[in-house]
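Single-structure report; data block below.
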Amino acid sequence: MIRQTTFTLIILVLLGTSQSFSQTKKSTIYLHSVANQWLDIALEATANEVDRVGAKPTIQSRTLGLAVTAMYDAWAAYDAKAVSTCMGGKLRRPLAERTRKNKEIAISFAVYRVLQDIYPVDKAFFDKEFKARGFNPANFTTDRTKPEGIGNIVAAAILKDRHHDGSNQLGDEIGGNGSQYSDYTYYNPINSYKKVINPDKWHPLPFVDGKGDTFLVNFLTPHWYRVKPFGLKHSAQFRAPEYPKFGSEQLKKEVDEVIDFNANLTAERKATIEFMRDGPRSTGQSGHWLRFAQMVSLRDKNDLDRDVKMYFAVGNTAMDAFIACWETKRFYDSSRPWTLVRQYYAGKQIKGWGGPDKGTIDMPAEMWHPYSPANFVSPPFPAYVSGHSTVSGACAKMLELFTGSDKFGETEIRRPGIITETPGDPVSLPLPTFTATADMAGISRVLGGYHIQADNIAGLKMGRDIAQYLWKDVIQKYFDGTYKK
Numbered sequence: 001m002i003r004q005t006t007f008t009l010i011i012l013v014l015l016g017t018s019q020s021f022s023q024t025k026k027s028t029i030y031l032h033s034v035a036n037q038w039l040d041i042a043l044e045a046t047a048n049e050v051d052r053v054g055a056k057p058t059i060q061s062r063t064l065g066l067a068v069t070a071m072y073d074a075w076a077a078y079d080a081k082a083v084s085t086c087m088g089g090k091l092r093r094p095l096a097e098r099t100r101k102n103k104e105i106a107i108s109f110a111v112y113r114v115l116q117d118i119y120p121v122d123k124a125f126f127d128k129e130f131k132a133r134g135f136n137p138a139n140f141t142t143d144r145t146k147p148e149g150i151g152n153i154v155a156a157a158i159l160k161d162r163h164h165d166g167s168n169q170l171g172d173e174i175g176g177n178g179s180q181y182s183d184y185t186y187y188n189p190i191n192s193y194k195k196v197i198n199p200d201k202w203h204p205l206p207f208v209d210g211k212g213d214t215f216l217v218n219f220l221t222p223h224w225y226r227v228k229p230f231g232l233k234h235s236a237q238f239r240a241p242e243y244p245k246f247g248s249e250q251l252k253k254e255v256d257e258v259i260d261f262n263a264n265l266t267a268e269r270k271a272t273i274e275f276m277r278d279g280p281r282s283t284g285q286s287g288h289w290l291r292f293a294q295m296v297s298l299r300d301k302n303d304l305d306r307d308v309k310m311y312f313a314v315g316n317t318a319m320d321a322f323i324a325c326w327e328t329k330r331f332y333d334s335s336r337p338w339t340l341v342r343q344y345y346a347g348k349q350i351k352g353w354g355g356p357d358k359g360t361i362d363m364p365a366e367m368w369h370p371y372s373p374a375n376f377v378s379p380p381f382p383a384y385v386s387g388h389s390t391v392s393g394a395c396a397k398m399l400e401l402f403t404g405s406d407k408f409g410e411t412e413i414r415r416p417g418i419i420t421e422t423p424g425d426p427v428s429l430p431l432p433t434f435t436a437t438a439d440m441a442g443i444s445r446v447l448g449g450y451h452i453q454a455d456n457i458a459g460l461k462m463g464r465d466i467a468q469y470l471w472k473d474v475i476q477k478y479f480d481g482t483y484k485k
């Protein structure tokens, strides 16, 4: 399992570096870099947040994007060419100060401060990790000759830049309700749960909270198209073309494909759906791909410099992919299979998944349900384009561009049903290439009954186009010091 592998290695690292992040003595095992350790801490905090408030993949992508940016901006001060996202080359330190130890200290201070700001409820967790490494949370120096000062300056600059980036992190946008990340754009669905006026448009669905109560969930962060991108010119830069409409031959064919998949869920298909749903302890698609990047780091035995750059590239690509994806979702406001199956087959019997441990049964179309527990009927936002497809397409392409190869070479061993019904015998899911892994993520959403193929195909293309643009026009220029805002 990905999480088990990463966690075990991180524990080995932490036990071996309790006093300092520096590790100069050769070891028989490969030790993760400081960047890898702090990324794991950020991912753990993100999983904690999902446990507390539920999955919010857009918000999580920004959180992780800011964390990896803090690492990169602090590191850039000790590189000969790289420029930071907020201060360019203004913090560059002389050659004598460009030591690994200074990089490690600066990175630690920067990401610690940023994570505390984003997840204040986890302050005790961050403090514990920070102190365990010999650092003082009360050290707020801004002395540029000290790595602690570089880290503090970088964190302050990032937070100043991002506190009013359109995400509404502070809940103070005009039009919002005063809560963190609340909508301030006055989105209202065309359809209500009880009445579908336009089958091409999305509508809220009832969820069960685990206590027997039912509630409706509205569009998650419909304002996300207004979040300032990391590197895209604007959120609509790669907007997808029109999607197939109700009554078209293409849409009917794709809805029928979803029904067929749902009625023929093999063990491998169930495992694929659940693996790419990234549960339990989800960190969203951005977190999932950053974990894949951690696997690449272990495979390639990355040093600190390479880890910082790779996580910066992947994390910010995921953030921009979500922003672009949400712009398309908001623009088209398209419906999901839950709605379309009921519209096409109203009053008719169809075959489908009958619920946990019930297999395939005959049912009225009005009872059709994705392969998902009752407390997660279908993602609470429009379908087109698929977020899984967009982010996976983007991150997979970025890893290919960064490493210079599409090879991944991993295998996931998964027990089908583990987060939906009684688990079955383990199955192997080969992940030979980054491209194949992204394709698996995309098709998993069609297999699960959350998307039609149009959502998947357009999302994969959008993501890959985003990655190509960011790599050529933004990320490489940050690395070589030629990026100009």
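Using my numbering, the first residue of the sequence shown is number 1, and each one after it goes up by one.
C-beta: ideal position from N, C-alpha, C; glycine also.
Quiz prompt | Separation of Ser372 from Leu447, as counted between CA atoms | solution = Stepping through the sequence shown from its first residue, residue 447 is reached at position 447. Stepping through the sequence shown from its first residue, residue 372 is reached at position 372. Using only the alpha carbons, I get a separation of about 11 angstroms.
Quiz prompt | In DSSP terms, what Lys270 is bridged to | solution = Indexing the sequence shown from 1 puts residue 270 at position 270. DSSP output for Lys270 lists no bridge partner at all.
Quiz item: Counting along the chain, where does the beta strand (DSSP E) carrying Phe408 start and finish?
Solution: As a position in the sequence shown, residue 408 is number 408, starting the count at 1. That run of the beta strand (DSSP E) goes Lys407 to Arg414.
Quiz item: If you pair each beta-carbon of the stretch 338-347 with each one of the stretch 245-258, do three or more pairs fall below 8 angstroms?
Solution: yes
Quiz prompt | Beta bridge counterpart(s) of Leu429 as assigned by DSSP | solution = By one-based count along the sequence shown, residue 429 stands at place 429. Note: Leu429 sits in a beta bridge opposite Glu412.
Quiz item: Leu470 and Thr328: beta carbons closer than 8 angstroms?
Solution: Here residue 470 refers to the residue found at position 470 when the sequence shown is read from its first residue. Here residue 328 refers to the residue found at position 328 when the sequence shown is read from its first residue. No, the pair does not count as a contact, with Cβ atoms beyond the cut-off.
Self-check item: Those residues which DSSP pairs with Gly88 across a bridge
Solution: In the sequence shown, counting from the first residue as 1, residue 88 sits at position 88. Bridge partners of Gly88: Ser84.
Quiz item: DSSP three-state call for Gln285: helix, strand or coil?
Solution: For the purposes of this step, residue 285 is taken as the residue at position 285 of the sequence shown. Helix at Gln285.
Quiz item: Are there 16 or more other CB atoms within 10 angstroms of the CB of Thr46, so buried, or fewer, so exposed?
Solution: Residue 46 sits at position 46 when you count from the first residue of the sequence shown. Thr46 is buried by the Cβ-count criterion.
Quiz item: So what's Gly387 in DSSP terms, helix, strand or just coil?
Solution: Counted from its first residue, the sequence shown places residue 387 at position 387. DSSP places Gly387 in helix when its eight states are reduced to three.
Quiz item: Who are the near neighbours of Asn456 in its chain, counting only those whose CB is closer than 7 angstroms to its CB and skipping five residues on each side?
Solution: Stepping through the sequence shown from its first residue, residue 456 is reached at position 456. These residues qualify, in order along the chain: Ser386, Ser389, Gly442, Ile443, Arg445 and Val446.
Quiz item: Do the stretch 169-189 and the stretch 220-235 meet, that is, are 3 or more Cβ pairs less than 8 angstroms apart?
Solution: yes
Quiz item: According to DSSP, what are the bridge partners of Val208?
Solution: Locating residue 208 in the sequence shown gives position 208, where the first residue counts as 1. Val208 pairs with Thr214.
Self-check item: Spatial distance of Val217 from Gly449 (CA atoms)
Solution: Taking the sequence shown and counting its residues from 1, one reaches residue 217 at position 217. Taking the sequence shown and counting its residues from 1, one reaches residue 449 at position 449. Those two C-alpha atoms are separated by around 18 angstroms.
Exercise. Tell me whether Ser392 sits in a helix, a strand or coil according to DSSP, three-state version.
Key: Taking the sequence shown and counting its residues from 1, one reaches residue 392 at position 392. Three-state result, Ser392: helix.
Quiz prompt | Spatial distance of His203 from Arg277 (CA atoms) | solution = Along the sequence shown, read from residue 1 onward, the residue named residue 203 stands at position 203. Along the sequence shown, read from residue 1 onward, the residue named residue 277 stands at position 277. Cα-Cα distance, rounded: 22 angstroms.
Self-check item: Cβ-based burial, Arg330 [other Cβ within 10 Å; buried from 16]
Solution: Looking up residue 330 in the sequence shown gives position 330. Under this definition Arg330 is a buried residue.
Quiz prompt | Helix, strand or coil at Thr422 according to DSSP, with G and I counted as helix | solution = Translated into the one-based positions of the sequence shown, residue 422 becomes position 422. Thr422: coil per DSSP, three-state reduction.
Exercise. Along the beta strand (DSSP E) that carries Trp353, what are the first and last residues, could you check?
Key: Indexing the sequence shown from 1 puts residue 353 at position 353. It spans Gln349 to Trp353 - the beta strand (DSSP E) in which Trp353 sits, taken as one unbroken run.
Quiz item: In terms of alpha-carbon separation, which member of Val68, Lys101 and Ala96 lies closest to Thr85?
Solution: Taking the sequence shown and counting its residues from 1, the one referred to as residue 85 is at position 85. Here the closest residue by C-alpha is Val68.
Quiz item: For Lys201, does the three-state DSSP call read helix, strand or coil?
Solution: One-based indexing of the sequence shown puts residue 201 at position 201. Three-state result, Lys201: strand.
Exercise. In angstroms with no decimal places, state the Cα-to-Cα distance between Asp213 and Val50.
Key: Along the sequence shown, read from residue 1 onward, the residue named residue 213 stands at position 213. Along the sequence shown, read from residue 1 onward, the residue named residue 50 stands at position 50. If you take the alpha carbons of Asp213 and Val50, they lie about 20 angstroms apart.
Quiz item: Are the CB atoms of Ala70 and Val111 nearer to each other than 8 angstroms?
Solution: As a first step, residue 70 is located in the sequence shown; it is residue number 70 there, counting from the start. As a first step, residue 111 is located in the sequence shown; it is residue number 111 there, counting from the start. In this structure, Val111 lies closer than 8 angstroms to Ala70 by Cβ.
Exercise. Tell whether a beta-carbon distance below 8 angstroms holds between Thr266 and Leu43.
Key: Translated into positions along the sequence shown, residue 266 becomes position 266. Translated into positions along the sequence shown, residue 43 becomes position 43. No; because the gap between Cβ atoms is not below 8 angstroms, this pair is not in contact.
Quiz prompt | Span separating the alpha-carbon of Arg93 from that of Arg162 | solution = The count along the sequence shown starts at 1 and reaches residue 93 at position 93. The count along the sequence shown starts at 1 and reaches residue 162 at position 162. So the two alpha carbons sit approximately 25 angstroms from each other.
Quiz prompt | Rounded Cβ spacing between Lys81 and Gly463 (contact assumed at less than 8 angstroms) | solution = As a first step, residue 81 must be located in the sequence shown, where it is residue number 81. As a first step, residue 463 must be located in the sequence shown, where it is residue number 463. That belief does not hold up - the Cβ atoms of Lys81 and Gly463 are roughly 28 angstroms apart, past 8 angstroms.
Quiz item: Any chance the stretch 189-209 sits against the stretch 119-137, with 3 or more Cβ pairs inside 8 angstroms?
Solution: no
Quiz item: In whole angstroms, what is the alpha-carbon distance linking Arg144 and Tyr78?
Solution: Numbered from its first residue, the sequence shown carries residue 144 at position 144. Numbered from its first residue, the sequence shown carries residue 78 at position 78. Each residue's Cα considered, the two are about 11 angstroms apart.
Quiz item: Under the rule that 16 or more other beta-carbon atoms within 10 Å means buried, what is Asp357, buried or exposed?
Solution: Reading the sequence shown from its first residue, position 357 is the one you call residue 357. With fewer than 16 Cβ atoms within 10 Å of its Cβ, Asp357 is classed as exposed.
Quiz prompt | Contacting residues, own chain, Cβ-Cβ under 7 angstroms from Gly149 (five flanking each side not counted) | solution = For the purposes of this step, residue 149 is identified with residue 149 of the sequence shown, where counting begins at 1. Within the same chain, Gly149 has close Cβ partners Thr141, Thr142 and Asp143.
Quiz item: Candidates Asn48, Arg269 and Met295: which alpha carbon is nearest Leu31's?
Solution: Taking the first residue of the sequence shown as position 1, residue 31 is located at position 31. Among Asn48, Arg269 and Met295, the Cα nearest to that of Leu31 is on Met295.
Quiz prompt | Rounded separation between Gly89 and Ser405 - CA only | solution = In the sequence shown, the residue the question calls residue 89 occupies position 89. In the sequence shown, the residue the question calls residue 405 occupies position 405. For Gly89 and Ser405, the distance between alpha carbons rounds to 30 angstroms.
Quiz prompt | Nearest-angstrom Cα separation, counted from Leu39 out to Thr435 | solution = For the purposes of this step, residue 435 is taken as residue 435 along the sequence shown, with counting starting at 1. For the purposes of this step, residue 39 is taken as residue 39 along the sequence shown, with counting starting at 1. If I take the Cα positions, the gap works out to 23 angstroms.
Quiz item: With distances taken from CA atoms, which of Gly151, Phe125, Ile118 and Phe207 is nearest Asn168?
Solution: Here the question's residue 168 lines up with position 168 in the sequence shown. Nearest of Gly151, Phe125, Ile118 and Phe207 to Asn168, Cα basis: Ile118.
Practice problem: Consult DSSP for Lys228 and reduce its assignment to one of helix, strand or coil. | Solution: Here residue 228 is taken as the residue at index 228 of the sequence shown, counted from 1. In this structure, Lys228 counts as coil in the three-state DSSP scheme.
Quiz item: Can you tell me where the beta strand (DSSP E) with Asp362 in it begins and where it stops?
Solution: By one-based count along the sequence shown, residue 362 stands at place 362. Thr360 to Pro364 is the span of the beta strand (DSSP E), which, as asked, contains Asp362.
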